[in-house]
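What follows is a set of notes on a single structure, which appears directly below.
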Amino acid sequence: MELSTLSICISIAVAFAAIISPIIVTLLNNRHQLKLKKLELEQQHFERTTMHKRELVENYLRATGALLACQDISTEKEYGNYYFKTLLYVGGDIRALMENVNAYIKLNNLEKAATQLGKAIPEIERFVQRL
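FYI, the numbering for the sequence shown is 6 to 136, going by the working numbering.
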């Protein structure tokens with residue numbers, strides 16, 4: 006009788022393990038997949054944010070260059086659009102240099118604005134490289 010009781014206990018344990026094991030593996034796999042998806046979404050967000058900042062800075066430089074080369078209503082409008090958007094993302098030294106460029110543009114002193122822009126470009130380049 007002992008042998009049959011032992012056989013039954015072993016059979017029940019094996020059956021229980023056969024039922025529980027796939028459930029545990031599925032739960033662990035789903036948890037891992039969720040972590041991977043979260044990392045993927047964070048990476049996509051980082052890439053989108055980085056590209057947005059880079060495009061804003063590039064558009065600011067393009068618009069400022071166009072304004073300094075040929076000042077008219079359309080270049081002023083484009084410059085104003087990108088100037089304020091870009092100020093949101095840059096900090097400290099770059100912001101101060103951009104504000105100096107803007108001040109000279111408002112005074113219609115395009116030569117000094119171009120000089121200030123020339124000083125700002127290396128700082129902006131470092132900012133873009135850090136993105």
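Each residue gets a CB set at the ideal place from its N, CA and C atoms; glycine is no exception.
Because the structure is a prediction, the values reported are computed rather than measured.
> How is residue 113 classed by DSSP in three states: helix, strand or coil?
Replying inline: coil
>> Less than 8 Å between the beta carbons of residue 101 and residue 110, yes or no?
In response: no
> At what residues does the alpha helix (DSSP H) containing residue 4 begin and finish?
Replying inline: Since the first residue of the chain shown is 6 and the last is 136, residue 4 is not available in this structure.
>> Measuring CB atoms only, is the segment 62–76 touching the segment 117–133, in the sense that at least three cross pairs come out at less than 8 Å?
In response: yes
> Can you list, in chain order, the residues of its chain whose CB lies under 8 Å from that of residue 88, leaving out five sequence neighbours each side?
Replying inline: 65, 68, 69, 103 and 107
> If you compare alpha carbons, which of 112, 41 and 96 is closest to residue 131?
Replying inline: 96
> Just how far apart, CA to CA, sit residue 47 and residue 39?
Replying inline: 12 Å
> Could you give the distance in angstroms between the alpha-carbon of residue 50 and the alpha-carbon of residue 83?
Replying inline: 27 Å
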